[in-house]
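Report on one structure; see the data block that follows.
4 protein chains.
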Amino acid sequence: MPVVLGPNRYGKAETRLVRVVRDGGVHHVKDVTVGSALSGDMEAVHRTGDNAAVLPTDTQKNTVYAFARKHGVAEIEDFAILLARHYVESQPTVHHARVEIEEYFWDRIPVAGEGGGHSFVRSGREVRTCAVHHDRDGTTTVVSGLRDLVVLNSTDSEFSGFIEDEYTTLPPTKDRVLATAVSARWRHPPVAAGRGTAYGESYDEVRRHLLGAFAETYSLSLQQTLYAMGERVLNAREEVCEVRLAMPNKHHFLVDLTPFGLDNPNEVFYAADRPYGLIEGSVLRDDAPDARFAWE
Amino acid sequence: MPVVLGPNRYGKAETRLVRVVRDGGVHHVKDVTVGSALSGDMEAVHRTGDNAAVLPTDTQKNTVYAFARKHGVAEIEDFAILLARHYVESQPTVHHARVEIEEYFWDRIPVAGEGGGHSFVRSGREVRTCAVHHDRDGTTTVVSGLRDLVVLNSTDSEFSGFIEDEYTTLPPTKDRVLATAVSARWRHPPVAAGRGTAYGESYDEVRRHLLGAFAETYSLSLQQTLYAMGERVLNAREEVCEVRLAMPNKHHFLVDLTPFGLDNPNEVFYAADRPYGLIEGSVLRDDAPDARFAWE
Amino acid sequence: MPVVLGPNRYGKAETRLVRVVRDGGVHHVKDVTVGSALSGDMEAVHRTGDNAAVLPTDTQKNTVYAFARKHGVAEIEDFAILLARHYVESQPTVHHARVEIEEYFWDRIPVAGEGGGHSFVRSGREVRTCAVHHDRDGTTTVVSGLRDLVVLNSTDSEFSGFIEDEYTTLPPTKDRVLATAVSARWRHPPVAAGRGTAYGESYDEVRRHLLGAFAETYSLSLQQTLYAMGERVLNAREEVCEVRLAMPNKHHFLVDLTPFGLDNPNEVFYAADRPYGLIEGSVLRDDAPDARFAWE
Amino acid sequence: MPVVLGPNRYGKAETRLVRVVRDGGVHHVKDVTVGSALSGDMEAVHRTGDNAAVLPTDTQKNTVYAFARKHGVAEIEDFAILLARHYVESQPTVHHARVEIEEYFWDRIPVAGEGGGHSFVRSGREVRTCAVHHDRDGTTTVVSGLRDLVVLNSTDSEFSGFIEDEYTTLPPTKDRVLATAVSARWRHPPVAAGRGTAYGESYDEVRRHLLGAFAETYSLSLQQTLYAMGERVLNAREEVCEVRLAMPNKHHFLVDLTPFGLDNPNEVFYAADRPYGLIEGSVLRDDAPDARFAWE
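From first to last, the protein sequence lines are chains S, C, A and V. Residue numbering for the first sequence follows our numbering, starting at 1 and increasing by one per position. Residue numbering for the second sequence follows our numbering, starting at 297 and increasing by one per position. Residue numbering for the third sequence follows our numbering, starting at 593 and increasing by one per position. Residue numbering for the fourth sequence follows our numbering, starting at 889 and increasing by one per position.
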């Protein structure tokens, strides 16, 4: 009964890159983590340890740093496209490359008078992400995203009318706290050539719509909120054809204060860690092109 | 341009369950974390917040605890199968269920003389895992696994003969430390009916073979070691038809001590955190049945 | 050789409390984690398990929630003082109480038109902290603080003129990136009675001065920066008598790009994880009152 | 109102060192993390950035690796003593050094037949620790320890007879699960000269007694268990004069299954994360010598 090699990939994960650009005394900081994963003619290396087809992961790390100097790091999607295409186009044994990048935001520290411009404080807001694939058939896919965008509505959220089976004890509620840490990824239609999309502006707008839909949706279920967030992005941003969201329900339980002679009119909550609800879903255009390997 | 709902699921993640079984004065502890994710007729809840098709995640948590009392928790795969089938078979709106369980190991604390049997110390070895799917078409898939099995070979590992491009600086080496944290998942052929497999014994044997192949493979690349580990399991265990492995290369860099007038004959290493190589691959039987949703 | 009980304390750690206050349609969120630790007549419970002197940790958790409803949660220092005094004053066996609180910041999500006011996004900036002690001798000590305030100067930092021994290989540098995650705690003089200090305003100002001194100090060493930050706070804020700072040196190493025919004019950096320098120091007024147990 | 420099120290934290020793084909692995913190004539560096008294943290890292090659790494306490004395004795500006080391345990992977001896699996049991101080007055203090020793008694634990105030709702219990993650540190009397103590054997025995006392104590409170553990060590090990323990009460709550028509005879538990009780205490000999800076 012969044994065969199935899907595989290898690469360098979590290369930490900080790039400083100087505009006179005013500096700009780009703080990212890059991961690459390659696949292709890898039968020999698995079966016999013959590395002739292997571009070392150490080289992939070096490439990240060298490209940062040669090409700069504008939008993370553009930098990921550069890298992914480079691996496939420069190495015949590499048939497919995936490059994933995370970006962390910094704010400028205000400085009185002269001399400012090179001091920063990490903003701590969500992390921006992207995942780019390039295949030797010429297809490039781009998925942008964010994670750890933690949001909370202190009212305008209900949960009732659900199935009640023999294991159900949850009472329906007409007013609850709804909190979640949004992980969102949105797919751009295949990139024909070059750098058509203004990814930075797109990011800001998608983020704004995600927050807006979360805030403005009177929620009967977290699924409804999730769908509204995806739908809002698709309606507002034509450069996006699909949105995938993962939203843990960060439960805030109303504390029972009656043993202490106190009422609790939706005021004092216990924020629980585990277990938590987890809602995952995709919202896409009816005519969205095939995703191929974009989500892998 | 209409917007549609794509793939989605919801459930309760990370329900912590500890079950104590008493055999006279000798107790047994089962320590697991359970996650469930359901999908089915979920169009309405996403579009309008109508929860009529939704079995609350709170109910899923309750079901875990009630089932632990009613049915016990023998092997985690068996418990996951019970739960997954229950959701699909009891709720017409639930068409598909995935149940994932992690198990943590405890050792008995030896006690001198009488009175022992109820004291335990967490072993801290790897975490055992499983992921079970059940679909309303009657198919059940079972994937067993482990994570955080950290292993190291202090010799018998080389890396040379790789591609050298303009960004390559890594020198070839004929003797290095090879260390990784193994994440392995192995797929069992579809379960026809009932509980055919002795999952506990299977786990112990698969683990033994993974360790054995890691230790006994003279390694020319981490890919070769990965493949050898998967192949060994398939050759030894007929109840497994595919093995998927993810193995970070936990780099141990030889420290250059020449500035201090010292040599370093593969003795003193710096264990780095990031970046790290990451090798992922699947090894399967030529005639393995279709995986369907087993890996999702 | 008799064995005796040394210093001890017990309490409830990490009670998660979220309080929502409604001002019509405009809501306010307070998100904190509370820990309490009590000590006193605890000889019996340690030696024989007699719990007659023990206020259960579960009761301490309840007290946090009940007090949040009864007294509200204005500044975390004030809430901590209330709790600490309550434990000591209500229980004769409790001679000393320490209450520690962390606060997480949320921003309001802007909503177009009517209906906003109850939607928030976690800001992710630093965490605000406090530690309050109350002793039955009537003394209350208050230490305010913050942690995870991550800052970076992309220039105006040198490091040279240090000791060079036989194990020194570091070259001096006249221009480096200086980055750290500031943990700061500042001590207020003993509180005579009541709530004299406007802790919220004090926090904002101390934070502003810490950032300002970090940004405006031309740094010859991280110690110099640390001292300047503490000194600036003491000079500006009379309600503070001592500042303690812990600042890891988050190394940003310039990547050597010469193998690739590239220079690197302080532009491309590798942000390392471990090891890291760690600088800790206290700056205080010459006439600062004795700290007693404030820092314990 | 002049500002002065208070207590301060600086050093290199978390230097990761793995040392491989070869005894023919049989290898031995030592896996540790080292931190050092120095203090002394540091007024100038804080006030003006004059680094003339500063041994760079980078040099401290180098020293760890060079010493590992020159002196080997036997017991972590001995290695820490070597380093701490080196810094104080070689640098006039360094008056005091603290060296902290953590050690991670590995087991040998059994290999059939010939060729084994260089393959290891991380055991995942607790982490061994030590903290050594050396002062220029000639005093060396040694504290050994462990952390993350997770233990559980499934019976023989009660909690009752405690204070009941207006915020108490906890019912007394005569049978509960008692679980904790032990952090223990034990102080050796000052080291006169050389390496008098067999720290490895001492560690194994202290660990054995901690586990034994945990398992064999019928517990009326976690404080009682803590004290019994410390007392047992002091009675059995004359090289130890004080034991400090920190033990979180990892609550296991009995799940109420009555809504499902099920009883729950101490069988099915929910293992909670937060909040948790936290019990800290010291047990020492009546005639223990002064600890001086040992615990700092």
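By construction, the Cβ of each residue, glycine as well, lies at the ideal position given by its N, Cα and C atoms. Given the structure is predicted, the values throughout are model-derived calculations rather than measurements.
**Item:** Distance, Val255/S Cα to Leu609/A Cα
**Value:** Walking along the third sequence from the start, residue 609/A turns up at place 17. Walking along the first sequence from the start, residue 255/S turns up at place 255. Leu609/A and Val255/S have their C-alpha atoms roughly 10 angstroms apart.
Exercise. Rank Ile101/S, Gly40/S, Glu126/S by C-alpha distance to the C-alpha of Leu149/S and give the top, closest one.
Key: By one-based count along the first sequence, residue 149/S stands at place 149. If we check each option's Cα against that of Leu149/S, Glu126/S comes out closest.
Tell me which residues share the same chain as Phe105/S and place their Cβ nearer than 6 angstroms to its Cβ, disregarding the 5 neighbours each side in the sequence.
Residue mapping note: residue 105/S aligns to position 105 of the first sequence, counting from 1. The residues are Ser123, Arg125.
With a threshold of 9 angstroms between beta-carbons, can Val579/C be considered close to chain S, or not? As a working note, residue 579/C is residue 283 in the second sequence. It does: the Cβ of Val579/C has a partner Cβ on chain S nearer than 9 angstroms.
Item to complete: Pick out whichever of Asp670/A, Thr733/A, Ser775/A, Ala820/A has its Cα sitting closest to the Cα of Arg884/A.
Response: By one-based count along the third sequence, residue 884/A stands at place 292. Checked all of Asp670/A, Thr733/A, Ser775/A, Ala820/A; the closest Cα to Arg884/A is Thr733/A.
Have a look at Glu902/V, Glu1046/V, His1097/V and flag the residue whose alpha-carbon is nearest the alpha-carbon of Asn544/A.
Residue 544/A lies beyond the residue range present for chain A, which begins at 593 and ends at 888; the question has no answer from this structure.
Check your understanding: Closest by CA to Val233/S, which one among Ala198/S, Val177/S, Val243/S?
Key -> To locate residue 233/S, count along the first sequence from 1; it is residue 233. It is Val243/S whose Cα lies nearest to the Cα of Val233/S.
- Query: Cβ of Lys653/A less than 9 angstroms from any chain V Cβ?
  - Reply: The residue you call residue 653/A lines up with position 61 of the third sequence. At least one C-beta of chain V is nearer than 9 angstroms to the C-beta of Lys653/A.
Using a beta-carbon distance cut-off of less than 7 angstroms, what residues from the segment 542–555 of chain C approach chain A?
Pro555
Problem set entry | Residues bridged to Ser749/A [DSSP beta-bridge criterion] | Counting from one through the third sequence, the residue named residue 749/A turns up at place 157. Answer by DSSP bridge pairing, in chain order: Ser811/A.
To the nearest angstrom, how far is the alpha carbon of Thr951/V from that of Ala1101/V?
Walking along the fourth sequence from the start, residue 951/V turns up at place 63. Walking along the fourth sequence from the start, residue 1101/V turns up at place 213. Answer to the nearest angstrom: the Cα atoms are 40 angstroms apart.
Give the range of the alpha helix (DSSP H) segment to which Ile1051/V is assigned. In the fourth sequence, counting from the first residue as 1, residue 1051/V sits at position 163. Neither: Ile1051/V is in no alpha helix (DSSP H) and is coded neither H nor E.
Can you name the start and end residues of the beta strand (DSSP E) that Thr59/S belongs to?
Along the first sequence, one-based indexing puts residue 59/S at 59. Membership of Thr59/S in any beta strand (DSSP E) is not indicated; the residue belongs instead to the alpha helix (DSSP H) covering 57–71.
- Where the segment 743–771 of chain A meets chain C: residues whose CB sits under 7 angstroms from a CB there: Glu758, Tyr759, Thr761
**Asked** Looking only at its own chain, which residues have a Cβ that is under 8 angstroms from the Cβ of Asn600/A, when we skip the five neighbours before and after it?
**Response** Here the question's residue 600/A lines up with position 8 in the third sequence. These residues qualify, in order along the chain: Ser631, Met634, His638.
Quiz item: Hey, would you say Gly11/S sits closer than 9 angstroms to Gly573/C, going by beta carbons?
Solution: Position 11 of the first sequence, counting from 1, holds the residue named residue 11/S. Position 277 of the second sequence, counting from 1, holds the residue named residue 573/C. Going by C-beta atoms, Gly11/S is nearer than 9 angstroms to Gly573/C.
Which runs of the beta strand (DSSP E) spanning at least 3 residues fall entirely within the segment 476–560 of chain C, listed in chain order? 538–545, 548–550
Can you tell me where the beta strand (DSSP E) with Ala925/V in it begins and where it stops? Working through the fourth sequence from its first residue, we reach residue 925/V at position 37. Its beta strand (DSSP E) spans residues 914–928.
For chain S, find out if any of its Cβ atoms is closer than 9 angstroms to the Cβ of Lys604/A; answer yes or no. Counted from its first residue, the third sequence places residue 604/A at position 12. No, its Cβ sits nowhere closer than 9 angstroms to a Cβ of chain S.
Query raised in the report: Should Ser1048/V go down as buried or exposed, given a rule of 16 or more other Cβ atoms within 10 Å for buried?
Result: For the purposes of this step, residue 1048/V is taken as the residue at position 160 of the fourth sequence. Around the beta carbon of Ser1048/V, fewer than 16 other beta carbons sit within 10 angstroms, so the residue counts as exposed.
Distance cutoff 9 angstroms, beta carbons only. Does Thr607/A sit that close to anything in chain C? Locating residue 607/A in the third sequence gives position 15, counting from the first residue. With 9 angstroms as the cut-off, Thr607/A does not count as an interface residue toward chain C.
Mind pulling the chain E residues with CB within less than 7 angstroms of Arg866/A? The question asks about chain E, but that chain is absent: this structure's protein chains are S, C, A and V.
Practice problem: Taking C-beta pairs closer than 8 angstroms, name the residues in chain V that Val596/A reaches, listed in chain order. | Solution: Counted from its first residue, the third sequence places residue 596/A at position 4. Val1171, Leu1172, Arg1173, Asp1174, listed in chain order.
Going along chain V in order, which residues have a C-beta closer than 8 angstroms to the C-beta of Thr640/A?
Within the third sequence, residue 640/A is the residue found at index 48, counting from 1. Within 8 angstroms Cβ-Cβ: Leu1108, Gln1112.
Item to complete: Give a yes or no on whether the minimum CB-CB distance between Arg22/S and chain A is below 9 angstroms.
Response: Along the first sequence, one-based indexing puts residue 22/S at 22. Yes, because at least one Cβ of chain A sits closer than 9 angstroms to the Cβ of Arg22/S.
Starting from the C-beta of Ala271/S, find all residues in its chain whose C-beta is less than 6 angstroms away, skip the five residues before and the five after it, and write them out in chain order. Stepping through the first sequence from its first residue, residue 271/S is reached at position 271. These residues qualify, in order along the chain: His252.
**Prompt:** For Val21/S versus Glu859/A, is the C-beta distance shorter than 9 angstroms?
**Reply:** Residue 21/S sits at position 21 when you count from the first residue of the first sequence. Residue 859/A sits at position 267 when you count from the first residue of the third sequence. Yes; because the gap between Cβ atoms is below 9 angstroms, this pair is in contact.
For His118/S: DSSP bridge partner residues: By 1-based counting over the first sequence, the position of residue 118/S is 118. In the DSSP output, where bridge partners are listed per residue, His118/S has none listed.
_Closer than 9 angstroms to chain C by CB, Gly1118/V_ = As a working mapping, residue 1118/V is identified with position 230 in the fourth sequence. No, Gly1118/V does not count as interfacial toward chain C.
Item to check | Same chain, Cβ closer than 6 angstroms to Glu988/V, neighbours up to 5 away in sequence not counted | outcome: Sequence index remark: in the fourth sequence, residue 988/V carries index 100 (1-based). The residues are Gly923, Ala1019.
Check for me: the alpha helix (DSSP H) holding Asp670/A runs from which residue to which?
Within the third sequence, the letter at position 78 stands for residue 670/A. Where Asp670/A is concerned, the enclosing alpha helix (DSSP H) starts and stops at 668–682.
Test: Asn51/S CB closer than 9 angstroms to a CB of chain C
Looking up residue 51/S in the first sequence gives position 51. Yes, Asn51/S counts as interfacial toward chain C.
Simplified DSSP state of Val54/S, which is helix, strand or coil:
On the first sequence, residue 54/S is found 54 positions in, with the first residue counted as 1. Coil, per DSSP.
Item to complete: Within 10 angstroms of the Cβ of Pro1136/V, are there 16 or more other Cβ atoms? Answer buried if so, exposed if not.
Response: The residue you call residue 1136/V lines up with position 248 of the fourth sequence. Buried, because 16 or more other Cβ atoms sit within 10 Å of the Cβ of Pro1136/V.
> Can Thr640/A and Leu1114/V be called in contact, C-beta distance under 9 angstroms?
Replying inline: As a first step, residue 640/A must be located in the third sequence, where it is residue number 48. As a first step, residue 1114/V must be located in the fourth sequence, where it is residue number 226. No.
Could you give the first and the last residue of the continuous alpha helix (DSSP H) run that contains Ala636/A? Here residue 636/A refers to the residue found at position 44 when the third sequence is read from its first residue. According to the DSSP assignment, Ala636/A belongs to the alpha helix (DSSP H) that extends over 635–640.
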